[in-house]
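Quick note on our numbering: the sequence shown kicks off at 110 and runs consecutively. The C-beta atom is built at its ideal place from N, Cα and C for all residues, glycine as well. The model shown is predicted, which means the values in this text are computed figures rather than measured ones. Read through the structure below, which is laid out as structure tokens, and then see the notes.
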Amino acid sequence: MKDLKELKKIEQYADQCMKCGFCSFFCPVYQEERTETSVARGKNYLVKEILKGNQEFTKEMGDIIGLCLLCKRCVAMCPAKTQIDRVVVGARAQMVNEKGLGAIKNFAFRKVMSDRKAFGNYVKLAKAFQWLLPKTEGNIRHLPDFLKALGQGRNIPALADKFLREIVKPVYKPQNGEKPKMKVGYFMGCATDFMYPELGLKFIDFLTKRGIEVVVPESQSCCGAAMYFSGDFETGRLQAEKNIAAFKDVDYIVTACGTCSSTLKDYQKYLPDTEDQKKRFEEFEKKVKDSMEFIIDIMKVKPEELTLKKEFEGKAATWHDPCHLVRYQNIKDQPRAILKGLKGLKYVEMPNADLCCGMGGSFSVYHYDITKKIAGKKMDGIKSTGADIVVTACPGCMVNLTDNVLQNKMPQKVYHLLELVE
Ligand code: SF4
Ligand code: SF4
């Protein structure tokens with residue numbers, strides 16, 4: 110008898126599905142693929158068949174559970190509130206238990222990304238060769254078609270001259286020289302570290318200007334999103350334990366990456382193996398805050414008291430909701446409050462602002478054709494607003510939105526919200 114440990118944990122969620130098919134109207138992947146296996150109902154059915162012993166974890170099954178952005182649009186709209194993210198991630202974990210990770214993911218997750226120093230060294234090596242890639246615009250590089258897994262004409266931000274880890278200090282005291290109102294740990298995340306270090310420095314400056322002490326522990330590690338959303342719970346737990354240890358002496362853990370904040374908060378949801386681990390992951394979750402909620406809900410900053418940077422005066426801005434903010438953390442009002450409060454900026458809501466941009470982490474590596482079609486709808490929404498700039502709060506979305514704005518020859522530039530304020 111097979112040990113279906115990970116599937117047993119999520120059986121209750123698969124059982125919630127009443128097969129109504131309502132999710133098909135909202136699933137971005139189904140809207141492009143039109144196959145039953147691409148939508149939540151089909152995935153639930155197949156997982157239940159495995160649990161009944163009628164289906165094996167074949168390669169095709171692996172492809173089906175891989176074909177999901179984990180955007181949670183189906184979860185938000187499902188009348189039974191079926192938690193497909195848990196079903197899909199649980200099925201991936203079961204598959205890893207049975208079939209292993211495969212050579213590439215095994216090397217990437219367990220030998221590179223889980224070791225912060227090794228990860229930095231490998232990215233540095235890649236940086237030495239990035240001049241081979243043609244430039245598109247500004248600091249954007251163009252990945253040619255022959256780079257099959259990542260390429261297909263994709264535009265990505267160049268790796269920074271200096272990574273954030275190389276320029277950041279371990280401790281930043283409040284700029285007013287007074288006793289700190291609180292002490293927060295800054296979690297940088299890989300995209301900010303390697304591609305957007307100025308964003309990390311900006312956030313630290315924003316906090317210390319307002320009387321907060323910021324510490325940046327060197328022992329922090331990758332959040333683990335790539336690993337545990339791919340079903341590698343073992344490496345995910347390792348990342349969780351490293352990060353919990355790194356941030357043990359702070360009032361809050363803050364980050365300007367929507368995917369990182371959601372991933373850190375959700376250790377308790379996907380990863381605990383024991384009751385003790387669950388308790389510790391839950392305690393950790395309470396301290397994690399995304400930049401948007403931290404500024405509005407904890408710091409109680411009044412948006413109208415913030416100053417817009419001169420270069421954005423008179424511009425029209427539209428907001429893209431990252432899935433990991435709007436549906437994983439219910440953060441949607443805070444960024445809008447800031448954008449609407451900034452004097453000199455005009456805010457325009459885009460249609461379907463909460464539609465996934467199509468990135469989905471490694472989804473876009475394996476299914477870039479579908480990513481582009483989904484992003485095309487996002488681009489239509491942006492175009493209809495006539496906005497000058499697209500604003501969001503997740504570096505992952507920034508990468509994908511920038512790529513698609515360029516591919517569609519649109520005039521908009523993409524920014525993290527923190528980049529707009531003094
Ligand atoms: S996942 Fe929800 S919306 Fe989709 S078929 Fe099942 S019950 Fe209906
Ligand atoms: S999480 Fe998103 S991509 Fe996955 S089944 Fe649900 S709506 Fe579709």
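Check: Only counting the same chain, and skipping five residues up and downstream in sequence, which positions put a Cβ closer than 6 Å to that of P137?; Outcome: C465 and I483
Check: What separation, rounded to the nearest whole angstrom, lies between the Cα atoms of F312 and P289?; Outcome: 16 Å
Check: Enumerate, from N- to C-terminal direction, the unbroken alpha helix (DSSP H) stretches of 4 or more residues contained entirely within the stretch 291-354.; Outcome: 299-303, 306-317 and 334-338
Check: Taking the C-alpha atoms as reference points, what is the distance between N285 and D399?; Outcome: 24 Å
Check: With DSSP collapsed to three states, give me the class of N264.; Outcome: strand
Check: A425 to E458, Cα distance in whole Å?; Outcome: 10 Å
Check: Taking 7 Å as the line, does the beta carbon of C183 fall inside it for any heavy atom of ligand 4?; Outcome: Summarising the ligand content, the structure contains ligand 1 and ligand 2 and does not contain ligand 4.
Check: When DSSP labels each residue in this structure, what does R436 get in the three-state scheme?; Outcome: coil
Check: What is the DSSP secondary structure of A189, counted as helix, strand or coil?; Outcome: coil
Check: State yes or no: is the C-beta of A149 nearer than 7 Å to some heavy atom of ligand 2?; Outcome: yes
Check: Taking DSSP as the reference, what is the three-state secondary structure of D406?; Outcome: helix
Check: Which residues bound the alpha helix (DSSP H) around T167?; Outcome: Run containing T167: none; DSSP gives neither H nor E here.
Check: Select from S473, I498 and V500 the residue whose C-alpha is nearest the C-alpha of I265.; Outcome: S473
Check: If I'm right that F303 touches V232 with Cβ under 8 Å, what's the distance once you round it to whole angstroms?; Outcome: 5 Å
Check: Between I193 and ligand 1, is there a pair consisting of the residue's CB and a ligand heavy atom that are separated by less than 7 Å?; Outcome: yes
Check: Can you list the alpha helix (DSSP H) stretches of 4 or more residues lying completely in the stretch 476-500, in chain order?; Outcome: 477-494
Check: When you compare the CB positions of L322 and K278, do they come within less than 8 Å of one another, or not?; Outcome: Note that residue 322 is Glu in the sequence shown here, rather than Leu. For E322 and K278, no; Cβs fall outside 8 Å.
Check: Taking only the alpha-carbon atoms, compute the straight-line gap between V325 and K374 and give it to the nearest angstrom.; Outcome: 18 Å
Check: K220 to A227, Cα distance in whole Å?; Outcome: 8 Å
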